[in-house]
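For reference, the structure discussed in these notes is given below.
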Amino acid sequence: MPPKEKLPDSVIADFEKWIMMGAPDPRDGKAAPFFKPDWAKSKNHWSFKVPKQPDVPKVKNGDWPRTDVDRFVLAELEEKSLKPVGEADRRTLIRRLYFDLNGLPPTPKEVDSFVKDTDPQAYEKLVDRLLGSEHFGERWGRHWLDVARYAESSGKESNITYPHAWRYRDYVIDSFNADKPYNQFIREQIAGDMMRARDDKHRAELMTATGFLAMGPKSHNEGSRSQFAADLADEQIETMSRSMLGLTIACARCHDHKFDPIPQREYYA
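All residue numbers for the sequence shown refer to full-length UniProt numbering, where the first residue is 1 and numbers rise by one.
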């Protein structure tokens, strides 16, 4: 256990000297190796390169694929001497569609109606109807709400309630239901307050979108305003990097990132 009183200045000086030496292990006298990432090599990782259009593979069973995506799947199956399963029956199909698109099971009446429907476009019409349902935005918007760390309170020590958090939740749901373009969806959440609004209603929508930045856990018990502001900015940066770039930038707040090509100097640039 460390002593209760302050260490002598001479001992502190020894520690400082030891750290400047690279904190070598006294058992063998060798300095601990410094972490020296190859930033140029790291930035050449495949995930940072522009995607290329691959050649569509040729398959033996040319009747099974309906799209080129199917050909990629089938090519892998044929390489492993496997065959795709047969088509699902209509009762199974309607349940899959309902759960996938709306997150809710179909009623017995809806199942019977679909099973008996002889229209060749019955499947396509059902897909369009489910995509047009308000439940579609609820089903798929919740995934973005998870990414945006949506909650109706601040969490942590105080756990202060956010009485108007639902407005951001509804904005996300409505955006999915309106088939809002993804680039517009992102811009509104990052800089909605800086965008030109058509009218007061649109301005309110843009301001609500910036709830993306206001969400997340917060330590309201933090006594230092500057520390609270720094932690808030760090949490916002980390959320944006994770949700939109697939990178964990927050590590570079304290040191050069060990897994992503982000040095500490770029974090504070």
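Even for Gly, the Cβ is constructed at its ideal location relative to N, Cα and C.
Remember, predicted model here, so these are calculated numbers, not experimental data.
So residue i and residue j are in contact, right, with Cβ under 8 Å, and what is the actual spacing, rounded?
i, j, result
"F71", "V56", "In the sequence on display, residue 71 carries Arg and not Phe. Right, the Cβ-Cβ distance comes to about 5 Å (below 8 Å), so this counts as a contact."
"G211", "N177", "That pair is no contact at about 18 Å."
"R142", "T239", "About 17 Å; that fails the 8 Å criterion."
"Y171", "A229", "At roughly 26 Å, the Cβ-Cβ gap does not stay under 8 Å, so Y171 and A229 are not in contact."
"E152", "Y168", "About 10 Å separates the two Cβ atoms, so there is no contact after all."
"V111", "R96", "Rounded, the Cβ-Cβ distance is 12 Å, inconsistent with contact."
According to DSSP, simplified to helix, strand and coil, what is residue i?
i, result
"S153", "strand"
"T239", "helix"
"T161", "strand"
"Q121", "coil"
"Q189", "helix"
"E222", "coil"
"G211", "helix"
"L259", "Residue identity differs from the one stated: residue 259 is Phe in this sequence, not Leu. Three-state result, F259: coil."
"H45", "coil"
"R139", "helix"
"W64", "coil"
"C251", "helix"
"E134", "helix"
"L232", "helix"
"M194", "helix"
"D38", "coil"
"Q227", "helix"
"A178", "coil"
"A75", "helix"
"R203", "helix"
Please classify residue i as buried or exposed, where buried requires at least 16 other C-beta atoms within 10 Å of its C-beta.
i, result
"K218", "buried"
"residue 271", "The question about residue 271 has no answer here: the residues shown for the chain are numbered 1 through 269."
"T118", "exposed"
"L213", "buried"
"E16", "exposed"
"E124", "exposed"
"Y268", "exposed"
"S130", "Checking the sequence, you will find Leu at residue 130 rather than Ser. When all chains shown are included, L130 counts as buried."
"F99", "exposed"
"Q227", "exposed"
"Q53", "exposed"
"R139", "buried"
"residue 311", "Lying outside 1 to 269, the shown extent of the chain, residue 311 is not represented and no answer is given."
Along the chain, where does the alpha helix (DSSP H) that runs through residue i open and close?
i, result
"R95", "R90 to L101"
"Q264", "Q264 to Y267"
"S10", "D9 to M20"
"V115", "P108 to K116"
I'd like to confirm something about residue i: is its beta-carbon nearer than 7 Å to some heavy atom of the ligand ATP, or not?
i, result
"M195", "This structure lacks the ligand ATP; in fact it carries no ligand of any kind."
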